[in-house]
Each structure stands twice: as structure tokens, then as C-alpha cells.
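Chemist: When we follow the working numbering, the leftmost residue of the sequence shown carries the number 52, and every step to the right adds one.
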Amino acid sequence: MRRFLLRHALLPDGWHDDVLVEVDAGGMITAVTPQSTAKDAEPVGGITLPGLPNLHSHAFQRAMAGLAERSGPAGGDSFWTWRETMYRFAARLTPEDIEAIATQLYAEMLQAGYTAVAEFHYVHHQPDGSAYDDPAELSWRVLAAADSTGIALTHLPVLYRYGGFGARAPQERQRRFLHDAPAYARLLERLAPAFRDRGDRRLGIAPHSLRAVSPELLDQALEMIDAIDNGAPVHIHIAEQTAEVEDCIAWSGRRPVEWLLDHCAVGARWCLVHATHMTDAETARLAASQAVAGLCPSTEANLGDGIFPAVSYLAQDGRFGIGSDSHIGVHAAEDLRLLEYGQRLLHRGRNLLAGRPERSTGRRLFDAACRGGAQALGLKLGAITSGCRADFVCLDEDAPALAGRRGDAALDAWIFTSTPQSPIREVYAGGRRVVENRRHVRAGDYAARYREALDRILQE
Ligand code: NGQ
Ligand code: ZN
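(1) DSSP three-state label for T330, please.
(2) Please give the ranges of any beta strand (DSSP E) in the stretch 356-418, keeping only runs that are unbroken, at least 3 residues long and fully inside the region.
(3) Could you tell me whether the stretch 75-91 touches the stretch 340-356, using the rule of 3 or more Cβ pairs below 8 Å?
(4) Tell me which residues pass a beta-carbon proximity test against the ligand ZN: closer than 6 Å to any heavy atom, given in chain order.
(5) Indicate the three-state DSSP secondary structure (helix, strand or coil) for E503 in the structure shown.
(6) For P104, which residues of its own chain have a beta-carbon under 6 Å away from its beta-carbon, when the five flanking residues on both sides are left out?
(7) What are the start and end residues of the beta strand (DSSP E) that includes I80?
(8) I want to know whether the stretch 270-287 touches the stretch 245-262 - three or more CB-CB distances under 8 Å.
(9) Can you tell which of R58, V74, R483 has its C-alpha closest to the C-alpha of D68?
(10) Based on DSSP bridge pairs, tell me the residues matched to E487.
(11) Exposed or buried, what is A344 when buried is set at 16 or more other beta-carbons lying within 10 Å of its beta-carbon?
(12) Within a Cβ cutoff of 8 Å, which residues of the same chain sit near Q162, ignoring the five residues on either side of it in sequence?
(13) Which value, in whole angstroms, describes the spacing of the CA atoms of H230 and Y211?
(14) Can you tell me whether C347 is helix, strand or coil according to DSSP?
(15) To the nearest angstrom, how far is it from the Cα of E503 to the Cα of E511?
(16) Hey, could you find the ends of the alpha helix (DSSP H) Y235 is sitting in?
(17) Sort D251, G304, I289 by Cα distance to V317 and report the nearest one.
(18) Any heavy atom of the ligand NGQ closer than 7 Å to the beta-carbon of T350?
(19) Since E147 is in the alpha helix (DSSP H), which residue starts that stretch and which ends it?
(20) Using the C-alpha atoms, what's the distance from C315 back to N281?
(21) Tell me whether the stretch 125-145 and the stretch 403-415 touch, counting them as touching only if at least three CB pairs, one residue from each stretch, are closer than 8 Å.
(22) State whether the stretch 356-370 contacts the stretch 325-340, with contact taken as three or more CB pairs (one from each stretch) at a distance under 8 Å.
(23) Could you check the C-alpha separation between A450 and R456 for me, to the nearest Å?
(24) From A195 to R226, what does the alpha carbon distance come to, in whole angstroms?
(25) Less than 8 Å between the C-beta atoms of V74 and A441, yes or no?
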């Protein structure tokens, strides 16, 4: 049992001072008492927020951030040309590389205020497409990265079988990703024991997209995971690009989100990643479904996806969380800011996602993204309350951007003011202090290993 005394903290019912938080040996909160006078507790200074869950990550892509920002030989760059660069990059990575990249990334996430991540993991096999001796080799690498850094992990092995709508044959360069149903079932069974009785881990599934699975395969995958953990998270990429919407209509007569809502029991266990292109009717149905929309504002901007209908979706109580996806940016505050700014540019107004008069936009976005993120990860975290993981993000009250501000004003300053130095000074994950003085406690080792890997990968 450990005891912390938080000087100024955001609890589910608002801001409080001198909050005593008791944490068990598993890193979970057992009691929260505001206005405590406890003398024997470990003091946690600054302005303390719950850690934000990051609901969408392809860890290996962190190492190619910035490498696809030159126009290609034919011009006409798009999501699809970026994808070719990404496939070439993915083809080169060894298991050691994947672990080094994921470890560096997860340490960066913790420094940025993300204390949990849903890893949408789809590089499974050797470069020639054959399975590793242990078919879960690359999943273990991701788990090792999470364990070393202290980030909580929802692991989503991706089911990828086809190359396009209507069960088109996959392409050669997708061969590291592919499973048929029996191989996927074996992967899930092999992984399952590593997730039992762990408050900081959950196993779910990720059918990659409606392009990569057939309707039958989607149903089979749901049966497989339910046999292991009934109700475990299900994440899928959907309606990110207009070409995908057109292809889906050509295949089925329906739009992607419409098709999914018609064919699957989409509810609270589901996370629809992107869902950028929806009609008003789809937006209303998704909001009513209680599923989480997985928004990835910096990646969606980088890839030229389009703008999610956030004003209307949130007005209908639609749930959402934030993901850093390709990791072109790893910055919790920046992604929340970009979500609001996309709407400002589109609708030419301000504070569009505050939800009601006289409410802080930052607070509304942060609360909702914590709640939606925790739901999407299927883990008890994202709030400083009994039963949740002890994840604290402490802003430096002496940071100039926060001068004179407390409570929601401090949260708004963190989210909307971009400063050269992040105000996040300390981070606790599962009750363990993993970021001190703005750096992960093992940042030096991780960065050295990461640089070595990248020097080799990019020289080849
Ligand atoms: C991915 N990324 O799986 O990494 C995808 C691109 C695809 C994003 N959608 C590949 N941002 O969708 O086919
Ligand atoms: Zn993605």
C-alpha cells in the first residue's frame, strides 16, 4: 500500500486540493480523500491530471515519422502513396527494431501525458511472410516495451487477410501482416495467458478494416475473442479516406460505417478508428451506439483524411477518444487542440466543442477523451478514483504558460498554448514515478538503443 498527497488535482467531480490517494500493490487506487491532512503520504506537487489513454497506435510507424514528407516521383501524393512508403519501411524491421522503437515511443507517450495505449498491432511475420518460430514473437516485443516503460497496454493483434473489398487477394507487400482464421485463433490463444489477472493489460481484436476482412471472417474473429474474454475490445479502421467509402459502396451498396452498423452489434466494446466520412444519419447512429470514435487528429491531418463531424457527433453525446496512430505527433495536448481547431477552421467559430455555455473547452475535451479512451481500452483507468489505475500527470505550476492559473484555466493553458518546453514535469503510471524532470527515468538507454536501430535501418 502506498499513499500520495496530491496538491491540486482533477477528480471526476472537479478540482480538489490536498487529495490523499491510496494505492495497492497492483498499482490500483483503493481510496481518494480530498482535503486530507495526512502527514505520512508522498507529496505530489503541481497540477495533477489523470493520465490520458491513447486509443490508437501503430508503434513501428514512429520511426518513419517525417520520412514521407517529400513529394514522390509522379506527384499526386496521397494517403495511398504514404502507405507505399510505410510498407517499404515495415518490410525492413527486425524484432529487435520493433522492440526498440516501441520502447522509445511508449516512453515519449508517458512524457506527453499518455499513460495507456491501445496497440493496433499488424506486423506479425518475417519479411518473407513466414511465421516466426514463435508466431507471437512481435507481440511479445510490444508487451516487453510496455512492461519496461510502465505504460498500460491493450494489445490488439490485427486480423488482415485480404487486399480490398470483396475478398481481393492481398498484395505482396502486405505479407508480413496476413493470417487466415486458424492461424489467427492460434495467435490469440497463445497470447491470452499473458493478459489474465492484470489490471494494466487487456487483449482485444482488430479486424484491420472492411478492406482486409470478409464479413464471415469478421464474425469468426468476434467468436474467437469472446471464447477467451467475452466483451473484450474490438477496434477497426473505418471510413478514413473517400476512396474507401466509394469502394465500399461499389462492393455493398452501403457506406462503411453504415455497413458496419447494419451487420454487427456495434456497441460499447467497439472503437471505430477515424470514422471521418459519415453522413448525418451515420453520425447519429454511431453516437447512439455507445461505441467510441477513435480520432487521431495529427495523423488525419498529416495523411489528408478529412475532418470528422465532431460538432454534430458530440452534440448527440457521441463518445470519442484520442489516438496518435502513425505518431507523426506524440502529444496529448496537441491532438486535443487539433480536434477543436479542425472544427474552428471548418465552421469559422470558437469553442465549438465546449458543449454548453461557460464551459472550458479543454476540460470538456480532456474529460471526454479520458472516458472514451478508457472505454475503448477496456481497462479501469483514465480517472483519479477508487478502482482505477494510479496514473497521474503533473503539470509544473511554475511553467510560464500556467502562470496564475489553476483548475480548468490551467488545463486550457496546457491544451491551447504551445510552448517550447512541455509543462508535464512528472508522470506516475500504476503508482510508479516513471517521468521525473520531464524525462522518462530510462530515457537515455531507450534513446541510445533507438538511435542504433535507426542508423542501421536507414542505411540499408
Ligand atoms: C495502417 N494507417 O494500417 O497503418 C493504416 C494505413 C491502410 C492509417 N489508416 C493502411 N492511418 O489503412 O490500409
Ligand atoms: Zn491506424
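We put the beta carbon where it would ideally sit given N, CA and C, even for glycine.
Modeler: With the structure as the only source:
(1) coil
(2) 370-373
(3) no
(4) H107, H109, F171, H288, V324, D376
(5) helix
(6) A167, G424, A425, L428, G433
(7) 80-84
(8) yes
(9) R58
(10) R490
(11) buried
(12) S473, I475, V478, V486, R489, R490, H491, A494
(13) 6 Å
(14) coil
(15) 13 Å
(16) 232-242
(17) I289
(18) yes
(19) 146-163
(20) 15 Å
(21) no
(22) yes
(23) 10 Å
(24) 24 Å
(25) yes
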